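K.L.:
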Amino acid sequence: MSNTTDFPKPTLVSVNGVKLEVFEAGKENAGKPIVLCHGWPEHAFSWRHQMPVLAAAGYHVIVPNQRGYGNSSCPTEVTDYDIEHLASDLVALLDHFGYDDATFVGHDWGAMVVWGLTLLHPERVNRVINLALPYQERGEKPWIEFLEEIFGGDNYFVHFNRQPGVADAVMEENTSRFLRNLFRKNVPPAPPEPGMMMINLAQAETPRGEPLMSDNELAVFVSAFESTGFTGSINWYRNLDRNWRVLADVNPIIEQPTLMIYGERDMIPKFERLTEFVPSADVVSLDCGHWIQQEKPEQTNQAILQWLGQQDGN
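Its first residue numbered 595, the sequence shown is counted upward by one per residue in the working numbering.
1. In its own chain, which residues sit with a C-beta less than 6 Å from the C-beta of Val764, not counting the 5 before and 5 after it?
2. Taking Pro783 as the reference, which of Leu725, Asn845, Asp843 and Met861 has the closest Cα?
3. Let's test the definition: count the other Cβ atoms within 10 Å of the Cβ of Glu889 and tell me whether it reaches 16, buried, or not, exposed.
4. In the DSSP assignment, find the beta strand (DSSP E) that holds Leu606 and state where it starts and stops.
5. Taking a contact to mean a Cβ-Cβ separation below 8 Å, would you say Phe819 touches Thr769 in this structure?
6. Give the straight-line distance between the Cα atoms of Glu636 and Val708, rounded to the nearest whole angstrom.
7. For His654, list the residues DSSP reports as bridge partners.
8. Would you mind sorting Phe745 into buried or exposed? The rule is 16 or more other CB atoms within 10 Å of its CB.
9. Taking only runs of the alpha helix (DSSP H) that begin and end inside the segment 787-875, which ones reach a length of at least 4 residues, in chain order?
10. From Glu717 to His632, what distance separates their C-alpha atoms?
11. Give the range of the beta strand (DSSP E) segment to which Phe698 is assigned.
12. Who are the Cβ neighbours of Val877 in its own chain at under 6 Å, not counting the five residues just before and after it?
13. Please classify Glu671: does DSSP put it in a helix, a strand, or coil?
14. What are the partner residues of Arg721, as DSSP defines its beta bridges?
15. Can you say whether Asn724 is buried or exposed, counting buried as having 16 or more other CB atoms within 10 angstroms of its CB?
16. Of the choices Gly747, Pro758 and Leu806, whose alpha-carbon is the least far from that of Leu776?
17. Taking 8 Å as the limit between beta carbons, can you name the residues of its chain near Ala842, skipping five residues before and five after?
18. Are there three or more Cβ pairs, one per stretch, closer than 8 Å when the segment 892-908 is compared with the segment 733-744?
19. For Val816, which residues of its own chain have a beta-carbon under 7 Å away from its beta-carbon, when the five flanking residues on both sides are left out?
20. Check the C-beta distance from Val685 over to His643 and give it rounded, since I have them as a contact under 8 Å.
21. State the start and end residues of the unbroken alpha helix (DSSP H) segment that holds Leu776.
22. For Val612 and Asp689, I'd like the C-alpha separation in whole angstroms.
23. Leaving out five residues on either side along the sequence, give the residues of the same chain with a beta carbon under 6 Å from the beta carbon of Val844.
24. Round the Cβ separation of Ile848 and Phe871 to the nearest angstrom and send it over; I've been treating them as touching at under 8 Å.
25. Which same chain residues, not among the five before or five after Leu614, have their C-beta less than 6 Å away from its C-beta?
26. Under a three-way DSSP split, which group does Glu734 fall into?
27. Judging by CA-CA distance, which residue of Gln887, Gly826, Arg836 and Asp748 is the nearest neighbour of Tyr856?
28. Going straight from the alpha carbon of Gly789 to that of Pro758, what length do you get?
Have a look at this one:
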């Protein structure tokens, strides 16, 4: 399915006051839903290598472009992108398909949403598979304040919040270059540059490392963000402190069987205390960077299918 013409045609589904662009595979496998949630700045297309494999394994594969992405709705209010809205979209998507619960798979920000969904609506999630972003312990300080103290104002999480619109505009002026420079693999380690990382990537003349995907594949992402801009997707970051407050009184323990897949060369650190919060977590590490399911699709598929098989007693 890496050929863009093989990717399923979407349907627009009305849920939770928005429309989501939803791609499916394995519709004939009704009753075994698995929902794949992309990260930033991505697209449902980032799961192109997983969809046919999971469908062949007997799953009804449901892959939304979440709000702010692709042809899904892009609300104008920043607060419309908090974890309550994002999780409720997925709950409503299950309702649309007539499912009580599903296995949820998330990468990057999609993993953050799956963790939050599982905390807020545990009865709708039967298993969790997350890539790149481990469970995030809710500390005593709101996220942006904490990150600003540790990393300073140029940290892109902080910058997105403290200087709204600045990075959005730079990335929109350089959409193709930004995504070309971001979606790389085998990037040699280097000390952090001064300035804001995402703005630097949007303006860098020469990319580092090797291309993650073909030009035709990259064009899917470029076309999507040339259409939407980046503000809707960046608004997810602008709700981190709101999410911190939303989750204040929620039981922080995730009881569902969970698979956590790390990229050994990812900038995101592993969470050594994962099983304190996710007691049933199994961990797999692959020799790759951040874009795990696109950089190592066969190994990712093998890890997911093997774990699902174990959970099903196969």
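Heads up, the beta-carbon is just placed ideally off N, CA and C, and yes, glycines get one too. Small disclaimer: the values here were computed from a predicted structure and weren't measured.
P.N.:
Reading it off the structure:
1. As a working mapping, residue 764 is identified with position 170 in the sequence shown. Cβ neighbours of Val764 beyond the five flanking positions: Ile793 and Ala796.
2. Residue numbering aside, residue 783 sits at position 189 when the sequence shown is read from its first letter. Nearest C-alpha to Pro783: Met861.
3. Position 295 of the sequence shown, counting from 1, holds the residue named residue 889. Under this definition Glu889 is a buried residue.
4. If you number the sequence shown from 1, residue 606 lands on position 12. Here the beta strand (DSSP E) through Leu606 covers Thr605 to Val609.
5. The residue given as residue 819 occupies position 225 in the sequence shown. The residue given as residue 769 occupies position 175 in the sequence shown. Contact: yes.
6. As a first step, residue 636 is located in the sequence shown; it is residue number 42 there, counting from the start. As a first step, residue 708 is located in the sequence shown; it is residue number 114 there, counting from the start. Cα-Cα distance, rounded: 16 Å.
7. As a working note, residue 654 is residue 60 in the sequence shown. In DSSP, His654 forms a bridge with Pro627.
8. Here residue 745 refers to the residue found at position 151 when the sequence shown is read from its first residue. With fewer than 16 Cβ atoms within 10 Å of its Cβ, Phe745 is classed as exposed.
9. 791-797, 809-822, 825-828, 834-840 and 868-871
10. For this step, residue 717 is matched to residue 123 along the sequence shown. For this step, residue 632 is matched to residue 38 along the sequence shown. Rounded to the nearest angstrom, the two C-alpha atoms are 22 Å apart.
11. As a first step, residue 698 is located in the sequence shown; it is residue number 104 there, counting from the start. Ala696 to His701 is the extent of the beta strand (DSSP E) around Phe698.
12. Residue 877 sits at position 283 when you count from the first residue of the sequence shown. Excluding residues within five positions, the ones whose Cβ falls inside 6 Å are Met854.
13. Here residue 671 corresponds to residue number 77 of the sequence shown, with the count starting at 1. Correct three-state label for Glu671: coil.
14. Along the sequence shown, one-based indexing puts residue 721 at 127. For Arg721, which the question treats as bridged, DSSP gives the partners Thr697.
15. As a first step, residue 724 must be located in the sequence shown, where it is residue number 130. Buried, because 16 or more other Cβ atoms sit within 10 Å of the Cβ of Asn724.
16. Counting from one through the sequence shown, the residue named residue 776 turns up at place 182. Out of Gly747, Pro758 and Leu806, Leu806 has the C-alpha closest to the C-alpha of Leu776.
17. Start at 1 with the first residue of the sequence shown, and residue 842 comes out as number 248. Cβ within range, chain order: Arg732.
18. no
19. Your numbering for residue 816 matches position 222 in the sequence shown. Within the same chain, Val816 has close Cβ partners Thr769, Ser770 and Leu773.
20. Position 91 of the sequence shown, counted from the start, is the residue given in the question as residue 685. Position 49 of the sequence shown, counted from the start, is the residue given in the question as residue 643. Val685 to His643, Cβ: 27 Å. No contact.
21. As a position in the sequence shown, residue 776 is number 182, starting the count at 1. Thr769 to Leu776 is the span of the alpha helix (DSSP H), which, as asked, contains Leu776.
22. Position 18 of the sequence shown, counting from 1, holds the residue named residue 612. Position 95 of the sequence shown, counting from 1, holds the residue named residue 689. Answer to the nearest angstrom: the Cα atoms are 14 Å apart.
23. Locating residue 844 in the sequence shown gives position 250, where the first residue counts as 1. Cβ neighbours of Val844 beyond the five flanking positions: Leu713.
24. Counting from one through the sequence shown, the residue named residue 848 turns up at place 254. Counting from one through the sequence shown, the residue named residue 871 turns up at place 277. Between Ile848 and Phe871 the beta-carbon gap is near 6 Å, inside 8 Å, which marks them as a contact.
25. For the purposes of this step, residue 614 is taken as residue 20 along the sequence shown, with counting starting at 1. Excluding residues within five positions, the ones whose Cβ falls inside 6 Å are Val607, Pro658 and Ser666.
26. Against the sequence shown, residue 734 aligns to sequence position 140. Looking at Glu734 - three-state DSSP - the assignment turns out to be coil, as it is neither helix nor strand.
27. Translated into positions along the sequence shown, residue 856 becomes position 262. Checking every option, the nearest Cα to that of Tyr856 belongs to Gln887.
28. Within the sequence shown, residue 789 is the residue found at index 195, counting from 1. Within the sequence shown, residue 758 is the residue found at index 164, counting from 1. Straight-line spacing of the CA atoms in Gly789 and Pro758 works out to 16 Å.
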